[in-house]
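Chemist: Mind looking over this structure? Questions follow.
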Amino acid sequence: MTIPLLTITNLTKIYSPQQTPAVKNACFTLNKGQILTLLGPSGCGKTTILRAIAGLEIPEKGFIAFDRKVLFNNKVFIPPEKRGIGMVFQDYALFPHLTVAQNIEFALSKDSKNVVKQQLELVGLTGVAHKYPAQLSGGQQQRVALARTLAVDPKLILFDEPFSNLDMSLREKMRWEIRQIIKHTSTTAIFVTHDQKEALSLSDRIIVMNSGEIIQSGTPRDIYQNPANLFVASFVGHSNILQGTIKAGGKSVNTSIGNFPCDHTHGKKPGENVLISVRPESLELDPNGIIRGILLSYFYKGDTIDAIIKVFSSEGNKKLRVHIHPEIEVSIGQWLGFSVLSRFVAVIDQEE
Amino acid sequence: MLYPYKRFRLFFRKSPTLFILSSTVTFVLFLPVLYLFLRAYEPDIHIPSFIFQENTLKILLNTLLLALAVTFSATMIALPLAWLTVKTDLPWRRFWTVLTMLPLSIPSLIGGFTFISALGQGGIVHSFLQNIFHLQKFPNIYGFTGAWLVLSLLCYPYILLSVRGTLQKMGHSQEEAALILGKSRWQVFKKITLPRLRPSISAGALLVTLYTFSDFAAVSLLQFNTFTRAIYLEYQGSFNRSYAAILSLLLVFITTIIISLEIWTRKKARYFNTGSCSERVADTIPLGKWKVPAFLFCSIIVLFSVVLPFSVCSYWIIRGLLQGEPLIIRWKAVLNSFFVSLYTALLIIPITIPTAFFTSRYQTMSSKLIEKTSYITFALPGIVIALSLVFFGANYLPHFYQTLPLLIFAYIILFFPQMLGCLRSSLLHVNPHIEQSAFTLGCSRQKVLFRLTLPLIKPGIVAGSALVFLTAMKELPATLLLAPIGFRTLTTEIWNATTEAFYVRAAFPSLLLMILSSLSLGVMYYQDKRDENFF
Chain G
1082 MTIPLLTITN LTKIYSPQQT PAVKNACFTL NKGQILTLLG PSGCGKTTIL RAIAGLEIPE
1142 KGFIAFDRKV LFNNKVFIPP EKRGIGMVFQ DYALFPHLTV AQNIEFALSK DSKNVVKQQL
1202 ELVGLTGVAH KYPAQLSGGQ QQRVALARTL AVDPKLILFD EPFSNLDMSL REKMRWEIRQ
1262 IIKHTSTTAI FVTHDQKEAL SLSDRIIVMN SGEIIQSGTP RDIYQNPANL FVASFVGHSN
1322 ILQGTIKAGG KSVNTSIGNF PCDHTHGKKP GENVLISVRP ESLELDPNGI IRGILLSYFY
1382 KGDTIDAIIK VFSSEGNKKL RVHIHPEIEV SIGQWLGFSV LSRFVAVIDQ EE
Chain L
235 MLYPYKRFRL FFRKSPTLFI LSSTVTFVLF LPVLYLFLRA YEPDIHIPSF IFQENTLKIL
295 LNTLLLALAV TFSATMIALP LAWLTVKTDL PWRRFWTVLT MLPLSIPSLI GGFTFISALG
355 QGGIVHSFLQ NIFHLQKFPN IYGFTGAWLV LSLLCYPYIL LSVRGTLQKM GHSQEEAALI
415 LGKSRWQVFK KITLPRLRPS ISAGALLVTL YTFSDFAAVS LLQFNTFTRA IYLEYQGSFN
475 RSYAAILSLL LVFITTIIIS LEIWTRKKAR YFNTGSCSER VADTIPLGKW KVPAFLFCSI
535 IVLFSVVLPF SVCSYWIIRG LLQGEPLIIR WKAVLNSFFV SLYTALLIIP ITIPTAFFTS
595 RYQTMSSKLI EKTSYITFAL PGIVIALSLV FFGANYLPHF YQTLPLLIFA YIILFFPQML
655 GCLRSSLLHV NPHIEQSAFT LGCSRQKVLF RLTLPLIKPG IVAGSALVFL TAMKELPATL
715 LLAPIGFRTL TTEIWNATTE AFYVRAAFPS LLLMILSSLS LGVMYYQDKR DENFF
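Heads up: the protein sequence lines correspond to chains G and L, in order. Numbering of the first sequence is given in the numbering used here, commencing with residue 1082 and proceeding in unit increments. Numbering of the second sequence is given in the numbering used here, commencing with residue 235 and proceeding in unit increments.
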């Protein structure tokens, strides 16, 4: 077994004794070459973890080891400049009084003309070496910030909400490009974001956080298809939450509006009362499907139709969110049938 | 954008050097003022009998009366001006806006000089009336009336500035709502507008009160016995300097009350500001038939507070030139002022930087204490600091007493808070991520300090130092008390010439000082703009 590049154990950060801790007993590891995303709503402690790894925050307790060295425990604190961990800030933090070239070579020893050129080529920015940061667009500034960080060749790069200051259209492009660059240079990276789409498309692994605690850790597919609890199910993507009991055999869950096949039962036994999360993607339009309801409302979104249907049952009516292929014409009040794909149905923890 | 302390915590995580440096500087600068307390406590002196003697009560009454009168009349001048220049269609609004601020660049010494040289014995009006009409009797311009008039005309911009700021952000919707509810215009003004303006009026009024308390030049030239003048007279004339110390402490005491009031109102003002940026700022109000009176009002204020000082100075300069007066310019005094101010402006930079770093990059008990202590001296009247240095110097540094180093030391004490404020503001405008990102790139603390932080705040250092230079040129009380014997500066020239009625000799230095002060207004304006836009 390889030793993880980064190990974090029981990390706790308290800003003020009156408030709940910003981070509570966080534990995780990260292997070399991976891209990890800390995902959660604002104030969940994800940026605090990032800054603690960089050495910009001093945790109250815990253990951080990186590249076979202890960075932090109850006796040791390695200051940020001695950690060899790069960080790209949300506002890029370029040095406003220095040119792009001077920014990139700032932390390097002399004779680094080549490095500047290489880095600018790597991030797809040539010909701006002598401009000042204020003369660049947001996307360009971000590339310079990345080039500046890559220039010192860190083993780990931390990204704090790197795309939140960019236009929507530019965001997706930069996301893809940065992932390419990280993979190309075989660097390891941790991203922090509150944007679930970004997390899903960028990462090898996602850690979902809420109020200072790690809720779930897994691949993007894991997180989306099998959310661990109500919070993850509703924070990452949309989900229909239903109550039911696991049927004998443990392969499906019986609810008031019908039987849902289910791959992931979260270790619960048949006969137990559980909550299930049904992703809209698991409901496929099928005239012979077992779930039938009338269309209440819909939004045509171009790539899909986002719709709410009402399913009737003796124990109360249920509203379900479904996706319909945009090619199909639907109208409000229409009866629709859906079949269920088991992979997007998961039993979740009751507590949030 | 201003960045709060919280995120800076880590810059100099542990820096005993910085702590020792900044606390030493603050302690040394504060030492003379502490000594003043010791000085007042001489064993053979019964303090209460000094405090409650008739003379002291009279001085106290004079000071309070003058402050009250000046504050009231300055408000009466500033309120209409603010309203006219912000809310109405007054012709040449921008022109009036700039001109009505200009009294800020007239030191009270020059206010006093122009007033006396225009109306006093041997002054312009006096000679004119005497020569043409052979009048002999003149009303007395000295005392309360003179001091009150001069200070009101010099001080009103403080209230004007603060009220203008509020008026510019204030829409009309509340007033309109009240009108629709059937209130008369006067009721609306009394019940809605005035309460909304009250925090900014009181903020400005407190500054005016503070200015009046600590003003030395105008009250002394116009011979009105307030604390500052009484302290100077006691220092000069009597052997019992403990009384001067006691008067100084009393002045410090009433000043502290005003400062606490100011802090309190500023805190309270926040609650008034509901932050309704969505409120529509209404169109200008047409003045109609009131246009001419409004125009006249602005003209009169500007005539007396700006045009008159400049023309009186020019009058005496021209007269001096025509008469071939040999002493119209004493270059020695200009050079003395220049070099003393220059040394102060240069020395103050290295002295202030450690404290500025410590108080802006740290948030500990000690850093807060050091910051507060530094600002206390800012509000202390110059004459008090000067007197404390006289005592301190005479007792502990006899070799330095009445030498240039001690004068420069006094200037540094006086202008340290101003420089500190300037540097701190620059430091707090530097995005903390800039320093932090340099650390994550592996740069040492020295490198970050010398290649990033200091270059980034360089404009602030230059502006602060320039301001100190210009303010030092204008300083009077400390210069009077502490300058070496025979050492003339621009301000002592004006002071001596005015008290001896040699108006021609005071005119040129006065004009020069007014021009320098306008420069410092420009520097302040430029720095404000830059801090807002740069980062």
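Where a beta carbon is used, it is the ideal one built from N, C-alpha and C, also for glycine.
Excluding sequence positions up to five away, which residues of its chain have a Cβ less than 6 Å from the Cβ of L/Gly357?
Modeler: Ser351
Chemist: Does L/Gly676 have its Cβ less than 8 Å from a Cβ in chain G?
Modeler: yes
Chemist: Go through its chain and collect everything with a Cβ distance to L/Gly616's Cβ below 8 Å, but skip five positions before and after it.
Modeler: Ser448, Phe450, Leu648, Glu709, Leu710, Pro711 and Ala712
Chemist: On the CB-based measure, 16 or more other CB atoms within 10 Å of its CB, does L/Val359 come out buried or exposed?
Modeler: Classification of L/Val359: exposed, given that the 10 Å Cβ count is below 16.
Chemist: Answer yes or no: do L/Thr770 and L/Val486 have a C-beta to C-beta separation smaller than 8 Å?
Modeler: The question about residue 770 of chain L has no answer here: the residues shown for chain L are numbered 235 through 769.
Chemist: So, with DSSP's three-state summary, where would you put L/Thr723?
Modeler: Reduced to three states, the DSSP call for L/Thr723 is coil.
Chemist: Tell me the DSSP secondary structure of L/Leu755 in three-state form.
Modeler: helix
Chemist: Which same chain residues, not among the five before or five after L/Lys550, have their C-beta less than 7 Å away from its C-beta?
Modeler: Here the sequence assigns Trp to residue 550 of chain L, which means Lys is not the residue at that position. Ser351, Tyr737, Val738 and Ala741, listed in sequence order.
Chemist: Based on the DSSP secondary-structure assignment, which residues constitute the bridge partners of G/Asn1321?
Modeler: Residue pairing by DSSP places G/Asn1321 opposite G/Val1359 in a beta bridge.
Chemist: Do you know how far the Cα of G/Val1169 is from the Cα of G/Leu1227?
Modeler: 6 Å
Chemist: Return no unless some Cβ of chain L is closer than 8 Å to the Cβ of G/Leu1168.
Modeler: It should be pointed out that residue 1168 of chain G corresponds to Met in this sequence rather than to Leu. It does: the Cβ of G/Met1168 has a partner Cβ on chain L nearer than 8 Å.
Chemist: Kindly say whether L/Pro689, judged by its beta-carbon, lies nearer than 8 Å to any beta-carbon of chain G.
Modeler: yes
Chemist: For the ligand NAP, I want to know if L/Pro341 counts as a neighbour, meaning its beta carbon is within less than 7 Å of at least one of the ligand's heavy atoms.
Modeler: This structure simply doesn't include the ligand NAP, nor any ligand for that matter.
Chemist: Within 8 Å (strictly less), CB to CB, does L/Phe242 reach chain G?
Modeler: In this prediction, L/Phe242 has a pLDDT of 43, which is less than 50 and means its spatial position is unreliable; nothing more can be read from the coordinates.
Chemist: For my contact list, L/Leu724 and L/Ser571 are in at a C-beta cut-off of 8 Å; report their separation, rounded to the angstrom.
Modeler: 4 Å
Chemist: What residues of chain L sit near G/Ser1162, judged by a beta carbon separation below 7 Å?
Modeler: Before going further, note that residue 1162 of chain G is Glu rather than Ser in the sequence given. Correct list: Phe673, Gly676, Cys677 and Ser678.
Chemist: For the region 1145-1211 of chain G, list the beta strand (DSSP E) runs that are entirely contained and at least 3 residues long, ordered along the chain.
Modeler: 1150-1153 and 1166-1169
Chemist: Could you check if G/Ala1329 is buried or exposed, using at least 16 other CB atoms within 10 Å of its CB as the buried criterion?
Modeler: So G/Ala1329 ends up on the exposed side.
Chemist: Buried or exposed for L/Trp420, please, with buried defined as at least 16 other CB atoms from any protein chain shown within 10 angstroms of its CB.
Modeler: Counting Cβ neighbours within 10 Å, L/Trp420 comes out exposed, since fewer than 16 surround it.
Chemist: Do three or more CB pairs link the region 1111-1127 of chain G to the region 1278-1297 of chain G at distances below 8 Å?
Modeler: yes
Chemist: From the DSSP output, in three-state form, read off L/Tyr390 for me.
Modeler: helix
Chemist: Classify L/Asn665: buried if its beta carbon has 16 or more other beta carbons within 10 angstroms, exposed otherwise.
Modeler: buried
Chemist: Going straight from the alpha carbon of L/Pro639 to that of L/Val618, what length do you get?
Modeler: 19 Å
Chemist: With C-beta atoms as the reference, is G/Trp1416 less than 8 Å away from G/Ile1375?
Modeler: Cβ distance < 8 Å, so G/Trp1416 and G/Ile1375 count as in contact.
Chemist: Just to confirm before moving on: does the CB-CB distance between L/Phe220 and L/Leu483 stay below 8 Å?
Modeler: Summary: the structure shown does not reach residue 220 of chain L, with chain L confined to residues 235 through 769, and so no result is reported for it.
Chemist: Going by DSSP in three states, L/Arg273 sits in which element: helix, strand or coil?
Modeler: Of the three classes helix, strand and coil, the one that applies to L/Arg273 here is helix, per DSSP.
Chemist: At a CB-CB cut-off below 9 Å, which residues of chain G make contact with L/Gln670?
Modeler: Arg1132, Ala1135, Leu1137, Pro1161, Met1168, Phe1170 and Ala1174
Chemist: For G/Lys1236, which residues of its own chain have a beta-carbon under 7 Å away from its beta-carbon, when the five flanking residues on both sides are left out?
Modeler: Leu1086, Asp1148, Gly1165 and Thr1269
Chemist: Can the beta-carbon of L/Ile582 be found closer than 8 Å to that of L/Phe650?
Modeler: A contact, by the Cβ cut-off of 8 Å.
Chemist: Which one or two residues does DSSP pair with G/Leu1237 in a beta bridge?
Modeler: G/Ile1166 and G/Thr1269
Chemist: Contact criterion: CB-CB distance below 8 Å. Does G/Ala1421 meet it with respect to chain L?
Modeler: The sequence shown places Val at residue 1421 of chain G, not Ala. So, not an interface residue.
Chemist: Under three-state DSSP, which class holds L/Lys371?
Modeler: Secondary structure at L/Lys371: coil, using DSSP grouped into helix, strand and coil.
Chemist: Would you call G/Gly1124 buried or exposed, if buried means 16 or more other Cβ atoms sit within 10 Å of its Cβ?
Modeler: Residue environment: G/Gly1124 is assigned as exposed (fewer than 16 neighbouring CB atoms within 10 Å of its CB, all protein chains considered).
Chemist: At 9 Å on the CB atoms, spell out the chain L contacts of G/His1440, in chain order.
Modeler: No statement about residue 1440 of chain G is possible, as the shown extent of chain G runs from 1082 to 1433 and does not include it.
Chemist: Which same chain residues, not among the five before or five after L/Leu614, have their C-beta less than 8 Å away from its C-beta?
Modeler: Val267, Ser448, Val486 and Thr489
Chemist: Which residues in chain L have a C-beta closer than 7 Å to the C-beta of G/Val1233? List them in chain order.
Modeler: Leu675 and Gly676
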